[in-house]
Amino acid sequence: MIVPNPNTARRRLVASVLLLIAILPGATAQENEALVRKIADQVIRETKLGFEGADNKQFYASAAAIPEGVAVKYASSYTGWHYTHGVLNMSMVNLGNYLNEPKYTNYAADHVAFGFANYETFKKRFPGGRSHVGYPYGEMFTMEELDDFGAMSASILALPEGKRKDEYLAYVKKAAMHLTEERLRLKDGTFVRKFPHVNTLWADDLYMSVPFLARMGKLTGEKKYFDDAIKQVVNFDKYLWDPQNQLYWHAWYSDVQRNGVAHWGRCNGWIMIAQVHLLDLLPANHPARPKLLRQLEKQVLGIAHFQSPEGLWHQVLDRPDSYLESSASAMFVYGIAHAVNQGWIGKSYASIAKTGWDGLKKYKINELGQLKDICVGTGIQDNMVFYYTRPVGLNEKHGTGPLIDAGVEILKFEKAASK
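Everything in the sequence shown is counted per UniProt numbering, starting at 1 for the first residue and increasing by one.
Have a look at this one:
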């Protein structure tokens with residue numbers, strides 16, 4: 001007769017329990033919540049609000065402490081006043097609200113407060129404006145491009161009311177006036193830029209404008225802001241949608257009446273999440289909502305065609321020989337998952353987002369919670385090699401905000417599944 005070894009039996013029991021825990025929804029939810037926290041906490045660790053001397057490398061905690069004539073740069077890439085900072089601020093507020101964790105909301109509030117506490121010094125010292133090289137916060141007061149103020153203004157309005165100071169709202173009102181009354185547009189009202197061709201429509205600018213317009217509509221109750229936001233979404237689709245590939249082009253040139261050369265991943269991501277922001281804030285009974293929902297679902301279906309076996313998307317979406325790019329992948333996970341969570345599209349689309357999140361975890365997020373292979377800032381060229389060869393960064397500021405938003409939506413999936 002063989003007597004079972006009690007230690008072996010105990011080990012088998014423990015293994016069985018661990019296996020059971022691993023397959024329960026709650027275990028996955030706990031794992032993903034820990035990961036999302038790690039991602040956000042790593043960004044907080046990498047953020048250093050202050051300035052560094054360009055030559056002497058000395059740290060200055062405030063603009064007022066910088067001696068006259070000393071050129072400085074931001075002490076960290078997360079310090080500045082750029083649309084990517086607006087994206088990150090809104091994602092931190094989103095995470096803070098979902099987890100009821102003030103430190104994430106405070107991150108955004110502190111970032112905005114630092115900008116307002118310091119920009120006047122640079123404005124007085126460097127009246128040359130945004131084009132002057134070597135000084136911070138030029139974007140804040142020149143507003144030369146939509147990049148300079150749209151997403152940052154939206155992030156100010158995303159802050160809790162108690163953290164919005166009077167000077168913030170004065171800035172936002174100035175930015176809204178500039179956006180609605182002074183920005184360059186086509187005759188039909190679509191936002192364009194002066195370059196690289198005369199009156200070029202950039203796909204990126206849908207995000208630089210629409211979330212801010214939607215928040216102004218909610219703040220003021222004025223119909224004109226929602227009308228303008230809807231106009232942009234519809235018109236960008238008119239000019240940029242490629243019905244053959246079911247993707248958006250990066251650009252449309254009004255002077256030659258044609259599109260650019262690339263279905264760039266991140267610009268398609270900007271278009272998707274701009275629509276998500278608008279639908280979140282648009283009144284539920286607005287007559288344009290059904291059309292906007294159809295347009296969003298059309299894009300989701302188009303994007304689904306180009307998801308890689310790893311669950312991710314390529315730098316140029318329809319070019320599988322281009323690299324797998326992280327910021328666009330995070331944007332698609334966020335946009336699709338959020339649309340499912342809100343009931344805007346069917347639950348069958350959830351698998352696209354879930355496999356995308358799994359791909360990000362497996363291939364793109366390192367042990368510190370940093371996101372790899374984020375394409376750096378990208379202009380427009382009629383040269384496909386330009387898109388193929390754009391450098392990538394680690395935890396580069398174009399990707400961390402969308403990654404946090406994607407994680408929040410995955411947590412919502414799991415919370416719903418556990419009920």
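Ideal Cβ positions, reconstructed from N, Cα and C, are used throughout, including at glycine. All of these numbers come straight from a predicted model, not from anything done at the bench.
The criterion of a C-beta distance shorter than 9 Å is not satisfied by Ile410 and Val87.
The C-beta distance from Gly138 to Phe122 rounds to 7 Å, short enough to meet the 8 Å contact threshold. For Leu201, the enclosing beta strand (DSSP E) has its first and last residue at Thr200 to Trp202. The C-beta distance from Leu403 to Ala330 rounds to 4 Å, short enough to meet the 8 Å contact threshold.
Annotated three-state conformation of Ala54 is coil, per DSSP. At a Cβ-Cβ threshold of 9 Å, Tyr225 and Ala304 do not count as neighbours.
Residue pairing for Leu247: DSSP places it in a beta bridge opposite Asp242. In this structure Pro243 is exposed. Its beta-carbon is surrounded by fewer than 16 other beta-carbon atoms within 10 angstroms. Here Arg193 carries a strand assignment [DSSP, helix/strand/coil]. Taking every protein chain shown into account, the CB of Phe59 has fewer than 16 other CB atoms within 10 angstroms, so this residue is exposed. Residue pairing for Arg185: DSSP places it in a beta bridge opposite Phe191.
Distances from the alpha-carbon of Lys223 to those of Asn268, Ala274, Pro160 and Ala288 put Ala288 closest. Three or more beta-carbon pairs separated by less than 8 Å are not found between the stretch 333–345 and the stretch 314–324, which leaves the two stretches without contact.
Out of Arg183, Ile39, Pro67 and Ile44, the CA that lies nearest to the CA of Phe51 is found in Pro67.
Secondary structure note for Lys361: it is in no alpha helix (DSSP H), with a DSSP letter that is neither H nor E.
Each residue's CA atom was taken as its position, placing Asp148 and Leu99 some 30 Å apart.
Judged by beta-carbon spacing, His250 lies within the 9 Å limit of Val261, meaning their Cβ atoms are closer than that value. The beta carbon of Ala29 lies closer than 8 Å to those of Leu411, Glu414, Lys415 and Ser418 in the same chain, with the five residues before and after it left out. Our two residues, Gly346 and Tyr334, have alpha carbons roughly 15 Å apart in a direct line. Lys123 is bridged by DSSP to nothing; it lacks a bridge partner. Inclusion of Met92 and Ala117 in the CB contact set at 9 Å is not warranted, their separation being larger than that value. For His314, the secondary structure class from DSSP, reduced to helix, strand or coil, is strand.
For the options Glu310, Ala337, Gln275 and Gly377, the alpha carbon positioned closest to that of Lys361 is the one of Glu310. In the three-state DSSP reduction, Phe116 falls in the helix class (H, G or I). Rounded to the nearest whole angstrom, the CA to CA distance from Ala337 to Lys124 is 45 Å. Cα atoms of Arg258 and Asp382: separation of roughly 11 Å, rounded to the nearest angstrom. Rounded to the nearest angstrom, the gap between the Cα atoms of Met216 and Ala353 is 30 Å. A Cβ-Cβ separation of about 5 Å places Gln315 in contact with Gly265 under the 8 Å criterion. The alpha-carbon of Leu247 is positioned some 37 Å away from that of Tyr168.
Per DSSP, Lys163 lies in no alpha helix (DSSP H) and is assigned neither H nor E. Nearest to Gly162 by C-alpha distance, out of Tyr78, Pro102 and Asp188, is Pro102.
By the criterion of a C-beta distance shorter than 6 Å, Leu312 is surrounded in its chain by Leu324, Ser329 and Gly359, once the five residues flanking it on both sides are discounted. As a beta-bridge residue in DSSP terms, Gly393 pairs with Ile374. A direct Cα-Cα distance of roughly 36 Å separates Ala274 from Ala54. Taking the CA atoms as reference points, Asp227 sits about 14 Å from Leu206.
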